[in-house]
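Working notes for the structure below.
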Amino acid sequence: MTDIRLVLVSCCAPCSAGAIRQLSDHGIDGVSDFIVLFYNPNIFPESEYTKRLDEQIKYCEQCGVKYAVLGYDHDAWKNEMRGLEQEPERGARCSKCFEYRFRRAADFARKNGYNAIASVLGVSRHKSQAQVDTAAQSVCGDIKYLPIVWDENLRVKINKNSDFYRQNYCGCEFSIRKV
Ligand code: SF4
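98 is the number that the working numbering gives to position 76 of the sequence shown; each next residue is one higher, with no gaps.
Printed below as a string of structure tokens:
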């Protein structure tokens, strides 16, 4: 695929820092343009959402990269997850949560002239990259999902040298008690 105009789906600054630098400083074959998308209605409480969003914006601005933020409606997200509250992390609720966010990201891509999606939702050691990839592939439709494997060493190095706000749980209220 050439002339890739990429939407990078991000959950937070610490997870996306390496991918952003890879795209902005080194480039990735075929990628002509990219934007960081922060769409995380899963995060609870709202004060936590704001902390992660502020940190994401700060880092994007520091790197001089484009970013977009989609609305925060945690009640709507929670409604979609009904019946899956007791699922473990990496279980069915997480698949649905990823699908929920990727569906909206694909819609954003379509409406804004982007033709591909990649994400950092799987980089945490608590996540399953395969689960993230499957969820994305099932909902992105005509927007190509690229299962890019990001440079882990770069991400770790940037994190070591930064004072990012770092959360200790995935995002939703159901993941708080399982840490
Ligand atoms: S644990 Fe994380 S991925 Fe799973 S449902 Fe909660 S916020 Fe979404």
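Note that beta-carbon positions come from the ideal geometry of N, C-alpha and C, so glycine has one too.
These numbers were taken from a predicted model, which means no experiment stands behind them.
Check: Nearest CA to the CA of glycine 86: which residue from Ile139, Tyr191, Lys166 and Val58?; Outcome: Val58
Check: With arginine 115 as the anchor, note down where its alpha helix (DSSP H) starts and where it stops.; Outcome: 114-133
Check: Starting from aspartate 55 and walking both ways along the alpha helix (DSSP H), at which residues does that stretch end?; Outcome: Unbroken run through aspartate 55 is the beta strand (DSSP E), 53-60; no alpha helix (DSSP H).
Check: I need the DSSP call for valine 201, collapsed to helix, strand or coil.; Outcome: Any reading at valine 201 needs caution, since the residue's pLDDT is 44, under 50, leaving its predicted position unreliable; the model's value is listed next. Coil, per DSSP.
Check: Determine the contact status of glutamate 102 and alanine 157, defining contact as a CB-CB distance below 8 Å.; Outcome: no
Check: With 8 Å set as the bound, which would you pick, yes or no: does the beta-carbon of cysteine 37 sit closer than that to a beta-carbon of chain C?; Outcome: Reference to chain C is not applicable here, since this structure consists of a single protein chain.
Check: Could you check what DSSP says for arginine 27 in three-state terms: helix, strand or coil?; Outcome: strand
Check: Fully enclosed by the region 48-110, which beta strand (DSSP E) runs are 3 residues long or longer?; Outcome: 53-60 and 89-91
Check: Can you have a look at alanine 98 and say buried or exposed, based on whether 16 or more other CB atoms are within 10 angstroms of its CB?; Outcome: exposed
Check: Sort Ala127, Val178 and Cys116 by Cα distance to glycine 148 and report the nearest one.; Outcome: In the sequence on display, residue 148 carries histidine and not glycine. Among Ala127, Val178 and Cys116, the Cα nearest to that of histidine 148 is on Cys116.
Check: So isoleucine 180 is in the alpha helix (DSSP H); what residue range does that whole segment cover?; Outcome: 174-182
Check: Quick check on the DSSP output: the beta strand (DSSP E) that includes isoleucine 42 runs from which residue to which?; Outcome: Careful: isoleucine 42 lies outside any beta strand (DSSP E), inside the alpha helix (DSSP H) at 35-43.
Check: Measure the CB-CB distance between phenylalanine 186 and glutamate 68 and report whether it falls below 8 Å.; Outcome: no
Check: For cysteine 192, which of Asn64, Ile165 and Ile170 has the nearest alpha-carbon?; Outcome: Asn64
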